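Notes follow the structure.
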Amino acid sequence: MTRPLIISAAIAALALASPATAGCVVEYKAKRDNPLRLDFGKASLPDSACASKKEAAAQLVPLLKQDGWTLLSIVSVKPDGG
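Just remember that the working numbering sits 24 ahead of the position in the sequence shown, which is counted from 1.
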């Protein structure tokens, strides 16, 4: 279970490095095949990704894909700190 935490931390670090001051926290479900692994994670994304689940997914998919994960769904999009 430490691997998903590392992925979530990396996503959060990338989001914090962006110039956006506001932002959101996205809760998501992802999977990895061979062997099947499921993850429920949280990621901080810039304000530009916070308008809808579709926009959040568009920014999250490439980040997860780098580590071999496939986004299954966005559970929620919440304002950062809320």
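For each residue, glycine too, the CB sits at the ideal point set by N, CA and C.
Every value quoted in this text rests on a predicted model; they were computed, and no experiment measured them.
Among residues of its own chain, excluding the 5 on either side of residue i, which ones have a beta-carbon nearer than 6 Å to its beta-carbon?
i	result
residue 51	66, 99, 100
residue 53	64, 96, 97
residue 88	54, 95
residue 79	73
residue 31	91
Give me the residue from the options with the minimum Cα distance to residue i.
i	options	result
residue 72	61, 84, 62	84
residue 68	49, 31, 62	49
residue 102	86, 57, 77	77
Please confirm whether residue i and residue j have their CB atoms less than 7 Å apart.
i	j	result
residue 104	residue 47	yes
Are there 16 or more other CB atoms within 10 angstroms of the CB of residue i, so buried, or fewer, so exposed?
i	result
residue 82	exposed
residue 75	exposed
Return no unless some Cβ of chain B is closer than 7 Å to the Cβ of residue i.
i	result
residue 76	Any reference to chain B falls outside this structure, which holds one protein chain only.
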